[in-house]
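First residue of the sequence shown: 0, per numbering that gives the first Met the number 0; consecutive thereafter.
Cβ atoms here follow ideal geometry from the backbone N, Cα and C, with glycine treated the same way.
Remember, it's a predicted structure, so these values are computed and weren't measured experimentally.
The structure appears right after this line, and notes come after that.
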Amino acid sequence: MSTITVIVPVYNAEKTLRACLEALMNAEQTPEQILVVDDCSTDDGMQVAAMFGTDRLQIMTAVSDQPGGPGDARNRAARVAIGDILLFVDSDVALHRDAVRRVRESFATEPEIAALFGSYDDAPPAPGLPSRYKNLLHHHVHQHGQKDAGTFWAGCGAVRRDVFLAVGGFDVARFPRPSVEDIELGMRLRRLGHAIRLVPEIQGTHWKRWSLGNLIRTDIFARAVPWTVLLLEEGNGLPNDLNLGLRSRLSAFAALLVAAAPFAALVLVSPYLLLLIPIGIVLVVTANASLFRFFGKRGGFALIIVAAFLHTLYLLYGTATFLAVSLLYRSGVFPRRRIARRKPEAALALSAEDLRR
């Protein structure tokens, strides 16, 4: 079977890195190599990593005095990795004991796939309702996504090293900070004819704690804005999968009805338009029935109520961002380019040594 190098990019992850590395050390099948890549951390995260120093675990120190982002850290590690498979794991993710084995077996049983990714589990330990909502939403979406995936996820995702190097790795020139660099890589892989598989059984516990403000800022500026630009550049419309499936689109339309109804009733002086509010609520609940049942199982009625509010809010600002960016893109505010047909500007060099591995 293939050999595996686990790559963990680290930036100020002192609070979560121990759980991440302990999980890797206690895996059913230990990977052949673990590369912990420092991205100019200012906390004691690297001291935590040093506690796990073994022949298998190696620490790559920062190469500049400014963070280059997780994409750059992953690219640097990929150049020196010894594994046939690169398994990317975020520093706040603790893989389940069977995850490495499942990655290895998936590539062995499906030699035609170039990449795969998994899911967060349904037991996020971070306190607070925003954290529980966001992490459980991610789990639910990935558990119900299409197995023949059109994207990639680097929180717990793997790719064949030769393919990764050949397509140029993560586009760090375009995404110097945590953003949608993994989604862009997945879109590029698919456009170049490579298959990607969603394997929901490959899971990890996500330790990230979200505040409501950080959640909204990240969703809008690090996710929705750049993702919308990528979709518009591709020019293939919205894929019917994950966060962009038909149910999500119906939910977004319903949320807009709820938000627009009071303004429409006021402007048009028609109280009957307020009926759009209950209609929209019914549509949101109907389109997301399985999601809300899942929240109920994990946190009871209180979590359902909070999740309903947060999910409606998420649908509203996500849809508003998509519409605004689409308008600005068509107005020429964003540069037009078709990134999926080219390697990124900072493409990885595929050396003779790389080809021999």
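By how many angstroms is the C-alpha of residue j removed from the C-alpha of residue i?
i      : j      : result
Ala49  : Ser118 : 28 angstroms
Phe291 : Ser90  : 29 angstroms
Phe262 : Phe308 : 20 angstroms
Arg75  : Gly317 : 33 angstroms
Lys207 : Ala18  : 12 angstroms
Pro168 : Ile33  : It should be pointed out that residue 168 corresponds to Gly in this sequence rather than to Pro. Roughly 18 angstroms between the two C-alpha positions.
Ile338 : Glu180 : A caution first: Ile338 carries a pLDDT of 49, below 50, which makes its placement in the model too unreliable to give a value.
Gly331 : Ser247 : 28 angstroms
Gln142 : Gln202 : 10 angstroms
Cys155 : Val268 : 52 angstroms
Val79  : Phe321 : 39 angstroms
Gln145 : Pro110 : 19 angstroms
Gln185 : Asp170 : One detail in the question is off: residue 185 reads as Gly in this sequence, not Gln. Cα to Cα, the separation comes out at about 11 angstroms.
Phe87  : Ala264 : 50 angstroms
Arg159 : Leu85  : 6 angstroms
Met0   : Val99  : 12 angstroms
Ala113 : Phe106 : 8 angstroms
Gly377 : Thr285 : Because the chain is modelled from 0 through 356, residue 377 falls outside the range shown and cannot be assessed.
Asp353 : His137 : Caution is warranted here: a pLDDT of 39 is assigned to Asp353, below 50, making its placement in the model unreliable, and no coordinate value can be reported.
Val9   : Ile58  : 10 angstroms
Glu21  : Leu56  : 11 angstroms
Leu243 : Leu23  : 32 angstroms
Ile303 : His139 : 14 angstroms
Ala319 : Ala251 : 9 angstroms
Asp54  : Thr41  : 26 angstroms
Lys14  : Arg176 : 20 angstroms
Val198 : Gly234 : 27 angstroms
Phe51  : Thr29  : 14 angstroms
Glu200 : Pro270 : 50 angstroms
Leu249 : Tyr313 : 14 angstroms
Thr108 : Leu327 : 45 angstroms
Glu104 : Pro277 : 48 angstroms
Asp218 : Asn25  : 33 angstroms
Are the CB atoms of residue j and residue i within a distance shorter than 8 angstroms?
i      : j      : result
Thr2   : Ile81  : yes
Leu211 : Ala253 : no
Ile182 : Leu245 : no
Gly127 : Trp226 : no
Val409 : Val36  : In the structure as shown, the chain starts at 0 and stops at 356, and residue 409 therefore has no counterpart that could be examined.
Leu135 : Phe294 : yes
Ala153 : Arg73  : yes
Arg196 : Leu272 : no
Cys39  : Asp64  : yes
Val102 : Ala157 : yes
Val47  : Leu16  : yes
His193 : Val224 : no
Ala77  : Leu164 : yes
Thr204 : Asp83  : no
Ala258 : Leu315 : yes
Would you mind giving the Cβ-Cβ distance between residue i and residue j, rounded to the nearest angstrom? I have them listed as a contact below 8 angstroms.
i      : j      : result
Leu231 : Ser325 : 6 angstroms
Leu275 : Leu256 : 5 angstroms
Arg96  : Glu31  : Their Cβ separation, rounded to whole angstroms, is 17 angstroms, which puts Arg96 and Glu31 out of contact at 8 angstroms.
Arg189 : Val166 : No, Arg189 and Val166 are not in contact; Cβ-Cβ is about 11 angstroms, not under 8 angstroms.
What is the residue span of the alpha helix (DSSP H) that residue i lies within?
i      : result
Gln142 : 128–142
Thr285 : 275–286
Phe174 : Where Phe174 is concerned, there is no enclosing alpha helix (DSSP H), given that its DSSP letter is neither H nor E.
Gly396 : This structure cannot speak to residue 396, because the chain is shown only from 0 to 356.
Thr108 : 98–108
State buried or exposed for residue i, treating a residue as buried only when at least 16 other CB atoms are found within 10 Å of its CB.
i      : result
Asn287 : buried
Pro66  : buried
Ala12  : buried
Arg329 : exposed
Gly68  : buried
Ser178 : buried
Pro123 : buried
Phe220 : exposed
Pro334 : exposed
Ala306 : buried
Ser289 : exposed
Asp147 : exposed
Arg216 : exposed
Ala172 : exposed
Gly279 : buried
Val266 : exposed
Lys133 : buried
Thr311 : buried
Over the uninterrupted beta strand (DSSP E) stretch that includes residue i, give me the two end residues.
i      : result
Gly117 : 112–119
Gln65  : Element bounds for Gln65: n/a, residue is neither H nor E.
Ala31  : Residue identity differs from the one stated: residue 31 is Glu in this sequence, not Ala. Glu31 -> no beta strand (DSSP E), and no H or E assigned at all.
Gln57  : 56–59
Pro238 : Run containing Pro238: none; DSSP gives neither H nor E here.
Tyr155 : A quick correction: the sequence has Cys, not Tyr, at residue 155. That run of the beta strand (DSSP E) goes 155–159.
Pro199 : 194–205
Pro8   : 3–9
Could you confirm whether any beta carbon from chain B is found closer than 8 angstroms to the beta carbon of residue i?
i     : result
Arg17 : Checking the listed chains, one finds no chain B in this structure; it contains a single protein chain.
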